[in-house]
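J.: Pasting a structure here, questions to come.
There are 2 protein chains.
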Amino acid sequence: MTVAGMLEGVEQGTYSLAIDAMGGDRAPDIVVEGMDIASERHPQARFLLVGDEVKLAALLKRYKRAAKSCTIKHAADAISGDMKPSVALRMRQSSMRLAIDAVAQGAASGVVSAGNTGALLTLAKIVLKTLPGIDRPAMAAIGPSARGDVVMLDLGANVSCDTRNLVEFAVMGDVFARTVLGLTAPTIGLLNVGSEEMKGDETLRRAADLLRASHIGPQFHGFVEGHDIAAGTTDVIVTDGFTGNIALKSIEGTAKLYTGFVRDAFRTSTFAKIGYLFASGAWNKLRQRVDPRRYNGGVFLGLDGVCVKSHGGTDDLGFAYAIGVAVDLVRYEYKNKLVEGLAKLRHVASTAEALEALQASGGSA
Amino acid sequence: MTVAGMLEGVEQGTYSLAIDAMGGDRAPDIVVEGMDIASERHPQARFLLVGDEVKLAALLKRYKRAAKSCTIKHAADAISGDMKPSVALRMRQSSMRLAIDAVAQGAASGVVSAGNTGALLTLAKIVLKTLPGIDRPAMAAIGPSARGDVVMLDLGANVSCDTRNLVEFAVMGDVFARTVLGLTAPTIGLLNVGSEEMKGDETLRRAADLLRASHIGPQFHGFVEGHDIAAGTTDVIVTDGFTGNIALKSIEGTAKLYTGFVRDAFRTSTFAKIGYLFASGAWNKLRQRVDPRRYNGGVFLGLDGVCVKSHGGTDDLGFAYAIGVAVDLVRYEYKNKLVEGLAKLRHVASTAEALEALQASGGSA
Numbered sequence: 003m004t005v006a007g008m009l010e011g012v013e014q015g016t017y018s019l020a021i022d023a024m025g026g027d028r029a030p031d032i033v034v035e036g037m038d039i040a041s042e043r044h045p046q047a048r049f050l051l052v053g054d055e056v057k058l059a060a061l062l063k064r065y066k067r068a069a070k071s072c073t074i075k076h077a078a079d080a081i082s083g084d085m086k087p088s089v090a091l092r093m094r095q096s097s098m099r100l101a102i103d104a105v106a107q108g109a110a111s112g113v114v115s116a117g118n119t120g121a122l123l124t125l126a127k128i129v130l131k132t133l134p135g136i137d138r139p140a141m142a143a144i145g146p147s148a149r150g151d152v153v154m155l156d157l158g159a160n161v162s163c164d165t166r167n168l169v170e171f172a173v174m175g176d177v178f179a180r181t182v183l184g185l186t187a188p189t190i191g192l193l194n195v196g197s198e199e200m201k202g203d204e205t206l207r208r209a210a211d212l213l214r215a216s217h218i219g220p221q222f223h224g225f226v227e228g229h230d231i232a233a234g235t236t237d238v239i240v241t242d243g244f245t246g247n248i249a250l251k252s253i254e255g256t257a258k259l260y261t262g263f264v265r266d267a268f269r270t271s272t273f274a275k276i277g278y279l280f281a282s283g284a285w286n287k288l289r290q291r292v293d294p295r296r297y298n299g300g301v302f303l304g305l306d307g308v309c310v311k312s313h314g315g316t317d318d319l320g321f322a323y324a325i326g327v328a329v330d331l332v333r334y335e336y337k338n339k340l341v342e343g344l345a346k347l348r349h350v351a352s353t354a355e356a357l358e359a360l361q362a363s364g365g366s367a
Numbered sequence: 003m004t005v006a007g008m009l010e011g012v013e014q015g016t017y018s019l020a021i022d023a024m025g026g027d028r029a030p031d032i033v034v035e036g037m038d039i040a041s042e043r044h045p046q047a048r049f050l051l052v053g054d055e056v057k058l059a060a061l062l063k064r065y066k067r068a069a070k071s072c073t074i075k076h077a078a079d080a081i082s083g084d085m086k087p088s089v090a091l092r093m094r095q096s097s098m099r100l101a102i103d104a105v106a107q108g109a110a111s112g113v114v115s116a117g118n119t120g121a122l123l124t125l126a127k128i129v130l131k132t133l134p135g136i137d138r139p140a141m142a143a144i145g146p147s148a149r150g151d152v153v154m155l156d157l158g159a160n161v162s163c164d165t166r167n168l169v170e171f172a173v174m175g176d177v178f179a180r181t182v183l184g185l186t187a188p189t190i191g192l193l194n195v196g197s198e199e200m201k202g203d204e205t206l207r208r209a210a211d212l213l214r215a216s217h218i219g220p221q222f223h224g225f226v227e228g229h230d231i232a233a234g235t236t237d238v239i240v241t242d243g244f245t246g247n248i249a250l251k252s253i254e255g256t257a258k259l260y261t262g263f264v265r266d267a268f269r270t271s272t273f274a275k276i277g278y279l280f281a282s283g284a285w286n287k288l289r290q291r292v293d294p295r296r297y298n299g300g301v302f303l304g305l306d307g308v309c310v311k312s313h314g315g316t317d318d319l320g321f322a323y324a325i326g327v328a329v330d331l332v333r334y335e336y337k338n339k340l341v342e343g344l345a346k347l348r349h350v351a352s353t354a355e356a357l358e359a360l361q362a363s364g365g366s367a
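Residue numbers (this note's numbering), protein chains in the order written: chain A, 3 to 367; chain B, 3 to 367.
In structure tokens form, the structure reads like this:
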């Protein structure tokens, strides 16, 4: 079936996503298995499964639900995990490229890939392009906190950011938290080394001023610190890609260390082992609460199309969660809401600039 | 007894430390209690206890060991937790100031305070001054990892750092890990968003090049990522103060969140509570292993004198650990070793610069 043929059969209210079947450590197996789980969770979703036709057709024989919800699109090549973005860019028939192309051509509303992060970011930026009014896209993800889930961005798409980038990230994060976490007025914090207004450099202080004056000003909490991420002080944490990447990985590393410490503690003595047997129900609940698979799915925000990056090493359940994030973004019209938010921001920014120019020239506001 | 009188009585092999008795949330009580514990752990240490004479004399009646190991020096004022450094600087008779003055005058080799961090950094920098050859001091601390204790710096003394600062931090971290952790050749990592050589900005890549060429080149592991901190990939983690501050607080926040999750899990059911009773021995061991008090004591490195900052909210045991860090730094001659390390670094740096200048002018090395 052709892509056009697939779209013809689509009823009102369905969402189509292009899936890169060949990205990730155990592709295409976990991709198809994840899609199978997602098909049940999101019955209105239709998938364009892009990859090696022969392998995929064979796999789909074992996953009936997945087979019913998708159309295969053949891709002759696959981008490896260590391939440089510049090389990936020249490979026109890769599964990742064709999946992104499908979004650009309107055959799908979003793409999900567990492949090479650098290649995905580069291809998505060039093929999908950033939305008008956005300087640079950002990578966002959701994580657990003491007060519910928290959105953090940028997680590494931009190692250095200016004031404009940070303000735009805040708007992206606001719309993301409304769309995926279902919050009506998410609170927003700007990551800094202290919560006092005079802390940090000029870029941060100016971003805080602009956010206070913007349409999301009432939701802006001000500066937050590293410990506020896990405390859930705000629903959205905004930072540059260098700091965000290191904070996220520091948190993931610490979570792993503590999980290991707890596991070790249970092995120290016979008493501890007996204790484990009694407490195992509670442990399983705890493990579910912080299960990294539930938080799988980094999202490139600010592009003209939904683009979700799954961890390369995830399993079927993790991949299904990444698909779920893409489904939410498409279903609740993330892109349209972001365009609205940016329009409001531009209005405020131009007013702020006009005011500044007026004050600088000696006039009164 | 005068300070001079105190020093006269000091035998060979003793270490004198000035203690700011009035800094921290529960000063002077926990300071004196902490000093009492430290007196037993470090019998060769002598303390100059700086603060309100009347209050301290009354307290010392209850702590005989502490009383025997110290001399009181009266200070009329105390710097509050929210006082701006510029205001603290004008207060010449504060307990913090007089304690730092004692180090500058040679009456003590180091100072320990649980007071206002910004004030302590400012006063220590101005009164003690940085060691010759050091551009800026850094704040370092020790934390737990999967492979033993890890030293991280800078934790917030400098929100932006250049190549020279990062290289000097690496040398400070090397000597600190040798002195306090007792390692013979600590491994060193430079925090970045990826471990590949081309990652990060020019400042980081240039710092990595200089470190590879330096006397600590064989110990330099290259770039490390956020998760490497808890994994203990290297013994020392070097970063700028903005990133280091946020990484440290992100880690502390996550550790607290996970401890809370575990505590909650034990309360979910009667079975879990029974499990807790059986496993309580193991839990206590685990709690000791990650006890934040054991890691109390941020150190300002690069100053002409030892300066240790205790958490303001710590208890007696935590304060005793902070004193212990100061004792180690004085006892194992941190300052002299750092001066040696800096001399080696200058030699390499000047060679590297000469080489570069030569190559730039078209000559061959």
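Cβ atoms here follow ideal geometry from the backbone N, Cα and C, with glycine treated the same way.
Is the region 60-72 of chain A in contact with the region 29-43 of chain A, if contact means three or more CB pairs nearer than 8 Å?
T.: Yes: the two stretches touch, three or more of their Cβ pairs being nearer than 8 Å.
J.: Nearest-angstrom Cα distance between residue 214 of chain B and residue 220 of chain B?
T.: For this step, residue 214 of chain B is matched to residue 212 along the second sequence. For this step, residue 220 of chain B is matched to residue 218 along the second sequence. Those two C-alpha atoms are separated by around 7 Å.
J.: For residue 17 of chain B, which residues in chain A fall below 7 Å Cβ to Cβ?
T.: Here residue 17 of chain B is taken as the residue at index 15 of the second sequence, counted from 1. Simply none; closest approach about 33 Å.
J.: Which residues in the same chain have their Cβ closer than 8 Å to the Cβ of residue 284 of chain B, if we skip the five residues on either side of it in sequence?
T.: If you number the second sequence from 1, residue 284 of chain B lands on position 282. Correct list: empty, nothing qualifies.
J.: Identify which residue in B:228, B:202, B:168 and B:161 has its Cα closest to the Cα of residue 368 of chain A.
T.: The displayed coordinates of chain A run from 3 to 367. Any statement about residue 368 of chain A would go beyond what the structure contains.
J.: Am I right that residue 239 of chain A and residue 177 of chain A are in contact with their C-beta atoms under 8 Å? What's the rounded C-beta distance?
T.: Counted from its first residue, the first sequence places residue 239 of chain A at position 237. Counted from its first residue, the first sequence places residue 177 of chain A at position 175. About 15 Å; that fails the 8 Å criterion.
J.: Just the C-alpha distance for residue 255 of chain B and residue 248 of chain B, rounded to the nearest angstrom, thanks.
T.: In the second sequence, the residue the question calls residue 255 of chain B occupies position 253. In the second sequence, the residue the question calls residue 248 of chain B occupies position 246. One C-alpha to the other measures close to 10 Å.
J.: Rounded to whole angstroms, what is the Cα-Cα separation between residue 266 of chain B and residue 288 of chain B?
T.: Along the second sequence, read from residue 1 onward, the residue named residue 266 of chain B stands at position 264. Along the second sequence, read from residue 1 onward, the residue named residue 288 of chain B stands at position 286. In a straight line, the C-alpha of residue 266 of chain B is about 16 Å away from that of residue 288 of chain B.
J.: Using a threshold of 8 Å, state whether the C-beta atoms of residue 24 of chain B and residue 80 of chain B are closer than that.
T.: What you label residue 24 of chain B is simply residue 22 of the second sequence in a count that begins at 1. What you label residue 80 of chain B is simply residue 78 of the second sequence in a count that begins at 1. Yes.
J.: Going by other Cβ atoms of all chains shown within 10 Å of its Cβ, with 16 needed for buried, is residue 174 of chain A buried or exposed?
T.: Residue mapping note: residue 174 of chain A aligns to position 172 of the first sequence, counting from 1. Counting Cβ neighbours within 10 Å, residue 174 of chain A comes out buried, since at least 16 surround it.
J.: Taking the alpha carbon of residue 57 of chain A as the point to measure from, which residue in A:46, A:42, A:44 and A:75 has its own alpha carbon closest?
T.: Residue mapping note: residue 57 of chain A aligns to position 55 of the first sequence, counting from 1. When only C-alpha atoms are compared, the closest one is A:75.
J.: Count the C-beta pairs between the region 129-140 of chain A and the region 292-307 of chain A that are closer than 8 Å, then say yes if the count reaches three, no if not.
T.: They touch, by the three-pair rule.
J.: Classify residue 89 of chain B as buried or exposed, calling it buried when 16 or more other Cβ atoms lie within 10 Å of its own Cβ.
T.: As a working note, residue 89 of chain B is residue 87 in the second sequence. Exposed.
J.: What whole-angstrom Cβ distance do residue 260 of chain B and residue 260 of chain A have, given they're in contact under 8 Å?
T.: As a working note, residue 260 of chain B is residue 258 in the second sequence. As a working note, residue 260 of chain A is residue 258 in the first sequence. Correct: roughly 4 Å between the Cβ atoms.
J.: If you check the beta carbons only, do residue 21 of chain A and residue 105 of chain A fall under 8 Å apart?
T.: Locating residue 21 of chain A in the first sequence gives position 19, counting from the first residue. Locating residue 105 of chain A in the first sequence gives position 103, counting from the first residue. No, the Cβ-Cβ distance between residue 21 of chain A and residue 105 of chain A is not below 8 Å.
J.: Compute the beta-carbon to beta-carbon distance between residue 243 of chain A and residue 143 of chain A, rounded to the nearest angstrom, for a pair I have assumed lies under 8 Å.
T.: Against the first sequence, residue 243 of chain A aligns to sequence position 241. Against the first sequence, residue 143 of chain A aligns to sequence position 141. Not a contact, Cβ separation roughly 12 Å.
J.: Where residue 330 of chain B and residue 48 of chain B are concerned, what is the direct C-alpha to C-alpha distance, given to the nearest angstrom?
T.: Position 328 of the second sequence, counted from the first residue, corresponds to residue 330 of chain B. Position 46 of the second sequence, counted from the first residue, corresponds to residue 48 of chain B. Their backbone Cα atoms lie some 14 Å apart in a straight line.
J.: Rank A:112, A:341, A:128 and A:126 by C-alpha distance to the C-alpha of residue 19 of chain A and give the top, closest one.
T.: To locate residue 19 of chain A, count along the first sequence from 1; it is residue 17. Checking every option, the nearest Cα to that of residue 19 of chain A belongs to A:112.
J.: Could you tell me whether any Cβ in chain A is nearer than 8 Å to the Cβ of residue 390 of chain B?
T.: Lying before the first or after the last residue shown, residue 390 of chain B is absent from chain B, which here runs from 3 to 367.
J.: Rounding to the nearest angstrom, what Cα-Cα distance links residue 314 of chain B and residue 85 of chain A in this structure?
T.: For the purposes of this step, residue 314 of chain B is identified with residue 312 of the second sequence, where counting begins at 1. For the purposes of this step, residue 85 of chain A is identified with residue 83 of the first sequence, where counting begins at 1. One C-alpha to the other measures close to 49 Å.
J.: Give the single residue among A:335, A:326, A:226 and A:186 whose Cα lies nearest to the Cα of residue 42 of chain A.
T.: For this step, residue 42 of chain A is matched to residue 40 along the first sequence. Out of A:335, A:326, A:226 and A:186, A:326 has the C-alpha closest to the C-alpha of residue 42 of chain A.
J.: Check whether chain A comes within 8 Å of residue 195 of chain B, counting only Cβ atoms and requiring the distance to be less than that.
T.: Reading the second sequence from its first residue, position 193 is the one you call residue 195 of chain B. True, the Cβ-Cβ gap to chain A drops below 8 Å.
J.: With a floor of 3 residues, list each beta strand (DSSP E) that falls wholly inside the region 308-355 of chain B, ordered by position along the chain.
T.: Complete beta strand (DSSP E) runs here, min 3: 308-311.
J.: At which residue ranges does the region 100-161 of chain B contain complete alpha helix (DSSP H) runs of 4 or more residues, listed in the order of the chain?
T.: Listed in chain order, they are 119-130.
J.: Spatial neighbours of residue 227 of chain A within its chain, please: CB distance less than 8 Å, with the 5 preceding and 5 following residues excluded, ordered by chain position.
T.: Here residue 227 of chain A refers to the residue found at position 225 of the first sequence. Only 193, 194, 195, 196 and 197 meet the Cβ criterion.
J.: Please list the partners that residue 260 of chain A has in chain B, where partner means a Cβ-to-Cβ separation under 7 Å.
T.: Here residue 260 of chain A is taken as the residue at index 258 of the first sequence, counted from 1. Chain B residues near residue 260 of chain A: 257 and 260.
J.: Which of the three DSSP states, helix, strand or coil, is assigned to residue 22 of chain A?
T.: Taking the first residue of the first sequence as position 1, residue 22 of chain A is located at position 20. Correct three-state label for residue 22 of chain A: strand.
J.: Within 10 angstroms of its Cβ, does residue 13 of chain A collect 16 or more other Cβ (buried), or is it exposed?
T.: In the first sequence, counting from the first residue as 1, residue 13 of chain A sits at position 11. Here residue 13 of chain A scores only 47 on pLDDT, less than 50, and its place in the model should not be relied on; the value that follows carries that caveat. Classification of residue 13 of chain A: exposed, given that the 10 Å Cβ count is below 16.
J.: I'd like to know whether the C-beta of residue 161 of chain B is nearer than 8 Å to at least one C-beta of chain A.
T.: In the second sequence, residue 161 of chain B corresponds to position 159, counting from 1. Answer yes: the Cβ-Cβ gap between residue 161 of chain B and chain A drops below 8 Å somewhere.
J.: What do you reckon, are the CB atoms on residue 208 of chain B and residue 165 of chain B nearer than 8 Å?
T.: Within the second sequence, residue 208 of chain B is the residue found at index 206, counting from 1. Within the second sequence, residue 165 of chain B is the residue found at index 163, counting from 1. Closer than 8 Å, so yes.
J.: Any chance you could list the alpha helix (DSSP H) runs of at least 4 consecutive residues sitting entirely within the region 238-285 of chain A, in chain order?
T.: If we require 4 residues or more, the alpha helix (DSSP H) runs fully inside the region 238-285 of chain A come out as 243-268.
J.: Any idea what DSSP makes of residue 287 of chain A, helix, strand or coil?
T.: By 1-based counting over the first sequence, the position of residue 287 of chain A is 285. Helix, per DSSP.
J.: When DSSP builds the beta bridges, which residues end up paired with residue 79 of chain A?
T.: The residue given as residue 79 of chain A occupies position 77 in the first sequence. According to DSSP, residue 79 of chain A bridges with A:96.
J.: For residue 245 of chain A, which residues in chain B fall below 8 Å Cβ to Cβ?
T.: Mapped onto the first sequence, residue 245 of chain A falls at position 243. In chain order: 244, 245 and 248.
J.: Please check the pair residue 124 of chain B and residue 87 of chain B, which I expect to be a contact at CB under 8 Å, by giving their CB distance rounded to whole angstroms.
T.: On the second sequence, position 122 is the one that residue 124 of chain B refers to. On the second sequence, position 85 is the one that residue 87 of chain B refers to. Yes, residue 124 of chain B and residue 87 of chain B are in contact; Cβ-Cβ is about 4 Å, under 8 Å.
J.: Alpha carbon to alpha carbon, how far is residue 324 of chain A from residue 310 of chain A?
T.: For the purposes of this step, residue 324 of chain A is taken as residue 322 along the first sequence, with counting starting at 1. For the purposes of this step, residue 310 of chain A is taken as residue 308 along the first sequence, with counting starting at 1. Rounded to the nearest angstrom, the two C-alpha atoms are 7 Å apart.
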